[in-house]
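Student: Count the sequence shown with our numbering and you get residues 3 to 283, in order. The C-beta atom is built at its ideal place from N, Cα and C for all residues, glycine as well.
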Amino acid sequence: MAEWIETYRGVVSAWECDIVEHFTIAYYFERFADATRNFLELIGEGEMLGPTVEARPLRLYTSFTQELRAGAGFHILSAVVAVDDSSLRLGHRIVFSARGEAVSWVTQTLPLPVSATPQLRSRLEARIVAWPGPEVRETALPTRRGGLTARDRVKPRDLDESGMLALAAHVHRFSGAGMQFLSSIGMTDDYMHQNRRGFSTLALDLRLTGVASVGERIDVTTTIAHLGNTSLSYVHHMSGADGREIASMLQTGVQLDLDARRPAALPPSIREAVLRLLSEA
3 MAEWIETYRG
13 VVSAWECDIV
23 EHFTIAYYFE
33 RFADATRNFL
43 ELIGEGEMLG
53 PTVEARPLRL
63 YTSFTQELRA
73 GAGFHILSAV
83 VAVDDSSLRL
93 GHRIVFSARG
103 EAVSWVTQTL
113 PLPVSATPQL
123 RSRLEARIVA
133 WPGPEVRETA
143 LPTRRGGLTA
153 RDRVKPRDLD
163 ESGMLALAAH
173 VHRFSGAGMQ
183 FLSSIGMTDD
193 YMHQNRRGFS
203 TLALDLRLTG
213 VASVGERIDV
223 TTTIAHLGNT
233 SLSYVHHMSG
243 ADGREIASML
253 QTGVQLDLDA
263 RRPAALPPSI
273 REAVLRLLSE
283 A
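(1) Can you tell me where the alpha helix (DSSP H) with T38 in it begins and where it stops?
(2) My parser needs the alpha helix (DSSP H) runs of 4 or more residues fully inside the segment 238-279; what are they?
(3) Short of 6 Å in beta carbon distance, which residues of its chain neighbour V237, apart from the five on each side in sequence? Order them along the chain.
(4) What residues in its chain sit with their C-beta under 6 Å from that of R71, if we drop five residues either side in the sequence?
(5) If I measure Cβ to Cβ from A128 and keep anything under 8 Å in the same chain, skipping five residues before and after, which residues do I get?
(6) Kindly indicate which residue of L112, E140, H195 and E18 has the alpha-carbon position closest to the one of V83.
(7) Among S88, E103 and L92, which has the Cα closest to the Cα of F76?
(8) For W107, I'd like the list of residues in its chain whose CB is within less than 8 Å of its CB, leaving aside the five on either flank, ordered along the chain.
(9) Helix, strand or coil for S1 per DSSP?
(10) If you reduce the DSSP assignment to three classes, tell me which class L204 lands in.
(11) Under a Cβ-count criterion, where at least 16 other Cβ atoms within 10 Å of its own Cβ denotes burial, should H239 be classed as buried or exposed?
(12) Measure the alpha-carbon distance for E47 versus A118 and round it to whole angstroms.
(13) Taking 6 Å as the limit between beta carbons, can you name the residues of its chain near F98, skipping five residues before and five after?
(14) With C-beta atoms as the reference, is R153 less than 9 Å away from R219?
(15) So, with DSSP's three-state summary, where would you put P134?
(16) Using the C-alpha atoms, what's the distance from L42 back to A243?
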């Protein structure tokens with residue numbers, strides 16, 4: 003009974019690729035949402051556990067180990083990887099179909115409903131498989147807020163089938179906020195185009211803590227968390243007009259040489275800009 007189940011199969015469309023010339027991270031999350039719902043349906047627990055997909059809080063920890071570029075076919079394998087008193091953890095493996103290689107790993111933590119019976123827990127525990135992916139880090143996200151990096155309003159098209167702000171809609175905003183932040187430290191669009199550089203995400207820690215309604219204003223602030231030789235980590239906080247937090251995301255990545263497809267050292271000017279921000283934190 004404990005097995006990985008194929009929960010999604012598709013392809014990367016050219017319009018889903020970004021300035022780094024690979025699959026935009028928000029579209030991964032669109033597929034993760036499909037994979038989760040499909041998994042619960044395929045194991046026969048959709049009626050009982052379907053509402054957990056819509057519950058808060060929710061955490062997704064994602065590691066990207068290889069790129070998916072336009073035209074790449076991929077599929078997702080999903081399984082139960084942990085069950086405890088209050089939560090269910092699912093694992094997703096994103097597989098490059100042509101080679102059968104895992105290119106990304108996701109763990110998704112969902113709250114178990116208070117109505118969960120011992121029988122339901124037993125069925126879920128019987129499906130637990132060992133997690134073969136990267137270790138999930140239990141890191142506390144910095145709570146300090148940086149400068150404003152995104153501001154807009156929730157549109158009807160941002161909602162998922164449950165009527166809540168979709169995972170992809172969260173991450174699209176965080177991606178835009180990331181580009182605003184990178185521009186503020188000198189990694190502008192001109193810099194990227196002229197130097198054939200981009201920012202490639204290696205890991206994301208997304209936590210959903212609130213809800214947003216259609217027509218509501220959303221603000222995103224971003225602050226630096228870490229500076230490496232080729233790498234940067236920064237934290238996004240999303241809040242509503244009343245200041246309540248809706249979501250946060252720690253984003254870690256590297257400056258990418260777009261021709262060599264390898265990490266490239268950050269230039270002194272960008273390092274100095276980041277160090278100034280760190281000194282102010």
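Tutor: Taking the definition as stated:
(1) I27 to L44
(2) Segments of the alpha helix (DSSP H) lying fully in the segment 238-279: there are none.
(3) L143, P144, T225, A227 and L252
(4) H24, listed in sequence order.
(5) M3 and A4
(6) L112
(7) E103
(8) Closer than 8 Å at Cβ, skipping near neighbours: T64, S65, T67, G93, H94, R95, I96, G135 and P136.
(9) Residue 1 lies beyond the range of the chain shown here (3 to 283); nothing can be said about it.
(10) strand
(11) buried
(12) 11 Å
(13) F76 and V105
(14) A contact, by the Cβ cut-off of 9 Å.
(15) coil
(16) C-alpha separation (whole angstroms): 34 Å.
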